[in-house]
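Here's the structure we're looking at; comments come further down.
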Amino acid sequence: MARYSRSNDWGFPRWRGYGSGRETTQVRICDRHGCEEPGDCPAPKSPNSPERWYFCATHAGEYNRGWNYFEGLSAEDAAAREAQETRDTSGYAEAKHYGWGGSGDGSRSRDEMRALDVLELESDADFDAVKLAWRRLAKANHPDVRPGDADAAVRFQAIQAAYEVLRAAEDRRTWRPS
4 MARYSRSNDW GFPRWRGYGS GRETTQVRIC DRHGCEEPGD CPAPKSPNSP
54 ERWYFCATHA GEYNRGWNYF EGLSAEDAAA REAQETRDTS GYAEAKHYGW
104 GGSGDGSRSR DEMRALDVLE LESDADFDAV KLAWRRLAKA NHPDVRPGDA
154 DAAVRFQAIQ AAYEVLRAAE DRRTWRPS
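Residue numbering for the sequence shown follows the working numbering, starting at 4 and increasing by one per position.
Written as structure tokens, this is what we have:
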């Protein structure tokens, strides 16, 4: 008479713990010569080829640093392919009205936060404070006030750009349809 042993899974194999199976698992070894690590990172052997290398994480990083997607293409073909792929992915562009969802305090976009940093303001500054800071910094760094100072000219341009970003954001917030 055969001895019957009862399992703990009550007929539901999903109740077993992970890794409790007894069958062997296939582990693919890294394709780099001499490496004994598991090769779990696929990488294409050549552009437009379905064949893949399988590298460990270390060798995949090494491979990716030297990868050139446009290798073997002329400059015109590379530009045409880049334009085609950009055209194909234009539907995935971020919608403008979701721009506030970037990093920031929740009410301002990342660009607005950078603009506030340029104007030396806190993240909760209102637009009147933005105007005052813009006028103060623009007067201090204006090329007419500091002729021949290249750093002041660069700072002045950054201040102008920051003000434009914040002004456009304020216009979007306060715009009301008629």
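All C-beta atoms in this analysis are idealised placements derived from N, C-alpha and C, irrespective of residue type, glycine included. Quick caveat: nothing in here was measured; it's all calculated off a predicted structure.
Check the C-beta distance from residue i over to residue j and give it rounded, since I have them as a contact under 8 Å.
i      : j      : result
Leu122 : Ala136 : 4 Å
Tyr57  : Cys33  : 7 Å
Arg55  : Pro41  : So it is not a contact: roughly 15 Å between Cβ atoms.
Arg84  : Leu76  : 7 Å
Ignore the nearest five residues each way along the sequence and tell me which others in residue i's own chain have a CB closer than 8 Å to its CB.
i      : result
Trp103 : Confidence in Trp103 is poor, its pLDDT being 45 and thus under 50, which makes the residue's placement unreliable; the coordinate value appears in the next sentence. For Trp103, where only same-chain residues beyond five positions count, the Cβ hits under 8 Å are Gly109, Ser110, Arg111 and Ser112.
Lys48  : Glu54, Arg55 and Trp56
Ser106 : Below a pLDDT of 50, predicted positions are generally treated as unreliable, and Ser106, at 48, falls in that range; no measurement from the model is reported.
Ala2   : Beyond the ends of the chain as shown, which are 4 and 181, falls residue 2; an answer cannot be given.
Just to confirm my understanding: we take residue i, look at its own chain, exclude 5 residues before and 5 after, and list those with CB closer than 7 Å. What are they?
i      : result
Leu140 : Leu122 and Ile162
Ala118 : Ala165, Val168 and Leu169
Phe159 : Ala141, Asn144, His145 and Pro146
Ala63  : Cys44 and Ala46
Arg35  : Phe58 and His62
Ala156 : Pro146
Ala86  : none
Could you please give the first and the last residue of the uninterrupted beta strand (DSSP E) stretch that includes residue i?
i     : result
Arg55 : Arg55 to Phe58
Ala46 : Cys44 to Pro47
Tell me which same chain residues have a C-beta within less than 6 Å of the C-beta of residue i, skipping the five on either side of it?
i      : result
Phe130 : Glu173
Arg31  : Gly42 and Tyr57
Phe73  : Ala81
Arg176 : none
Trp178 : none
Identify every run of the beta strand (DSSP E) within the stretch 120–177, keeping only runs that are complete inside it and at least 3 residues long; order them along the chain. Runs of the beta strand (DSSP E) inside the stretch 120–177: none found.
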